[in-house]
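In my numbering, the protein residues as written are 31 to 493.
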Amino acid sequence: MINTVKISESEVKKLLALQESHFCDLKAIEILPGKLTKALAAFSNADGGELFIGVDDSPRKWRGFENVEAANAHIQVLDKFFPLGTDFLYEFLENDKCNGLILKVQVSKTRDLKIASDEKVYLRRGAQSLPISEEHRLQSLRRDKGLVSFETELVNCPIEAVTNSIHIISFLLEVVPTGEPEAWLKKQLAVINGKATVAAVLLFSEEPQAIIPKRSGVKIYRYNTSDEEGTRETLDFDPISIEGNLYEQIKTSVSKTTEIIESVRLNTTQGMVTVSYPTDAIHEIITNAVIHRDYSITDDIHIRIFDSRVEILSPGTLPGHITAENILSERFARNPTIVRLINKFPDPPNKDVGEGLNTAFESMRNLKLKPPEISRQGGYVKVILRHETLATPEEAILQYLVKNAEIANRNAREVCFIKSENKMKRILQGLVANKLLEPVSGRTRYTAAYQLTELGKKAAAKT
Numbered sequence: 031m032i033n034t035v036k037i038s039e040s041e042v043k044k045l046l047a048l049q050e051s052h053f054c055d056l057k058a059i060e061i062l063p064g065k066l067t068k069a070l071a072a073f074s075n076a077d078g079g080e081l082f083i084g085v086d087d088s089p090r091k092w093r094g095f096e097n098v099e100a101a102n103a104h105i106q107v108l109d110k111f112f113p114l115g116t117d118f119l120y121e122f123l124e125n126d127k128c129n130g131l132i133l134k135v136q137v138s139k140t141r142d143l144k145i146a147s148d149e150k151v152y153l154r155r156g157a158q159s160l161p162i163s164e165e166h167r168l169q170s171l172r173r174d175k176g177l178v179s180f181e182t183e184l185v186n187c188p189i190e191a192v193t194n195s196i197h198i199i200s201f202l203l204e205v206v207p208t209g210e211p212e213a214w215l216k217k218q219l220a221v222i223n224g225k226a227t228v229a230a231v232l233l234f235s236e237e238p239q240a241i242i243p244k245r246s247g248v249k250i251y252r253y254n255t256s257d258e259e260g261t262r263e264t265l266d267f268d269p270i271s272i273e274g275n276l277y278e279q280i281k282t283s284v285s286k287t288t289e290i291i292e293s294v295r296l297n298t299t300q301g302m303v304t305v306s307y308p309t310d311a312i313h314e315i316i317t318n319a320v321i322h323r324d325y326s327i328t329d330d331i332h333i334r335i336f337d338s339r340v341e342i343l344s345p346g347t348l349p350g351h352i353t354a355e356n357i358l359s360e361r362f363a364r365n366p367t368i369v370r371l372i373n374k375f376p377d378p379p380n381k382d383v384g385e386g387l388n389t390a391f392e393s394m395r396n397l398k399l400k401p402p403e404i405s406r407q408g409g410y411v412k413v414i415l416r417h418e419t420l421a422t423p424e425e426a427i428l429q430y431l432v433k434n435a436e437i438a439n440r441n442a443r444e445v446c447f448i449k450s451e452n453k454m455k456r457i458l459q460g461l462v463a464n465k466l467l468e469p470v471s472g473r474t475r476y477t478a479a480y481q482l483t484e485l486g487k488k489a490a491a492k493t
């Protein structure tokens, strides 16, 4: 049963103003149902999206199906390939002043690979649904979906690199004291037909970067700026490369990142302070980046430390059906063997399997800092930890003035993480209008500053 939803005139205007994009497509009712399956397959194989059927393009106007029955031919074909349910939601939209019904299909990123009615695979890129036929691109898409994993690929290296390394011997002495390395690795499917898998090399070889070069390391950068982008001029020192097996790589990366962060000083509501992030959050996000990255991509993990934030970029898109919106509630491992075996190490970095990012969010919240930001940036997953409090700009200004006699627009922008001088001017004027601040007398336009009023002092004491 497909519901019919009545929408307002303002919602109609928003719908008709939509631009076709990576997440949106609009079609007229004359489109053949088979062509629609290309768009739905492309959305489901990418990041999901919305398809509206019943919108003319030139000129842009609402011209829907006369009634529900008039859309039956479209629905029958679409439901055959993309059945109504968790991943595909269908509904009709209507408005009293508009002609007919628009069929809206909401598509989620799916766990499996979807094909259109022409038996081809499509992928959404920008405003296009592009066919994919080359085997290497299909394999890359399968990896993104989690249907196959690069961690199971066999590596052309001496088997002794994993069966006779310091790491496998010390690991087995701790975990399986009676186990023989090669026999144990075979049972774990980390050695197959006498060859080591990518997972085995990353976890147990002494120098994975020599065997799998340019795709198994971590690079750490320190930029002396809070700007959106770091530059060569603001780079504090040459990037630090962290190598070794994944277990040591995580420990070293967390330790080095924490050490660098502790050298950063930032102007806050408490004055100049040493920047502090919860160690749990740093640990969990770096661990997540290392064990869930796409090791088929030739690049390192990048940890960028700015004055007011830390950015972690992990190669690969979010795997399977995972999105930035559902990542805290859904579970999917791109590299299940790595996740499972690294959890067997003494004091494993992923102690609470599946709970890492939740821990990071909770740790930031406990320090009253804004939660991590998770997004996709090209072929990377980007996580940002900002040193920004949950306080409103007004609260932050009042807190600053508890320990400082006055605040100028420039200082206020720093402590509130607001770039616009005009926006901050409006906030300060609002505090003046509410009698919480007053201009410091005797100042020129260029040296203007504000101080607390008696009412403001009382309000600041409560923040």
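Beta carbons: idealized from backbone N, C-alpha and C, even for Gly.
{"query": "VAL432 versus VAL294 - alpha carbon distance", "result": "23 Å"}
{"query": "Given 8 Å, three or more beta-carbon pairs between the region 138-146 and the region 174-186", "result": "yes"}
{"query": "Cβ-based burial, MET454 [other Cβ within 10 Å; buried from 16]", "result": "buried"}
{"query": "Cβ neighbour criterion (16 or more within 10 Å) applied to PHE267", "result": "exposed"}
{"query": "Beta carbon of TRP92 nearer than 8 Å to that of LEU153", "result": "no"}
{"query": "Residues bridged to THR304 (per DSSP)", "result": "ARG295"}
{"query": "Boundaries of the alpha helix (DSSP H) in which GLN429 is found, first to last residue", "result": "423-433"}
{"query": "THR328 versus SER170, ASN254, ALA311, THR304, residue with shortest Cα-Cα distance", "result": "SER170"}
{"query": "For PRO243, the three-state DSSP class (helix, strand or coil)", "result": "coil"}
{"query": "Beta-ladder partner(s) of CYS446, from DSSP", "result": "None; CYS446 has no bridge partner."}
{"query": "Under 8 Å between C-beta atoms of LEU397 and PRO469", "result": "no"}
{"query": "Beta-carbon contacts of GLY472 that lie in its chain and below 6 Å, excluding the five residues immediately before and after", "result": "none"}
{"query": "Bridge partners - ASN223, DSSP secondary structure assignment", "result": "According to DSSP, which records beta bridges pairwise, ASN223 is partnered with nothing at all."}
{"query": "Own chain partners of GLY247 with C-beta closer than 7 Å, once the 5 adjacent residues on each side are dropped", "result": "GLN239, SER271, ILE272, GLU273, ASP330"}
{"query": "Simplified DSSP state of GLN218, which is helix, strand or coil", "result": "coil"}
{"query": "CA-to-CA distance, ASN223 to ASN186, given in whole angstroms", "result": "12 Å"}
{"query": "Where the beta strand (DSSP E) through VAL470 begins and ends", "result": "Here VAL470 belongs to no beta strand (DSSP E), and DSSP marks it neither H nor E."}
{"query": "Within 8 Å, strictly: CB atoms of SER326 and PHE180", "result": "yes"}
{"query": "Pick from TYR430, SER40, THR227 that is closest to PRO366, judged by C-alpha positions", "result": "THR227"}
{"query": "Cut-off 6 Å between Cβ atoms - residues of its own chain near PHE82, not counting five sequence neighbours on either side", "result": "LEU56, ILE132, LYS134"}
{"query": "LYS139: CB within 7 Å of a non-hydrogen atom of the ligand PLP", "result": "For the structure depicted, the ligand PLP is absent and the ligand set is empty, with no information on it obtainable."}
{"query": "Inter-residue spacing [alpha-carbon to alpha-carbon] between ASN102 and LEU66", "result": "14 Å"}
{"query": "Spatial distance of ALA317 from LEU184 (CA atoms)", "result": "Checking the sequence shown, residue 317 turns out to be Thr, not Ala. C-alpha separation (whole angstroms): 24 Å."}
{"query": "Stretch pair the region 188-197 + the region 150-166: three plus CB contacts closer than 8 Å", "result": "no"}
{"query": "Spatially closest choice to ILE414 from GLU425, ILE61, PRO243, LEU399, by CA coordinates", "result": "LEU399"}
{"query": "Whether ILE372 touches PHE362 by CB criterion (8 Å)", "result": "no"}
{"query": "Beta-carbon gap between ILE59 and GLY79 smaller than 8 Å", "result": "no"}
{"query": "Buried/exposed call for GLN407, threshold 16 Cβ in 10 Å", "result": "exposed"}
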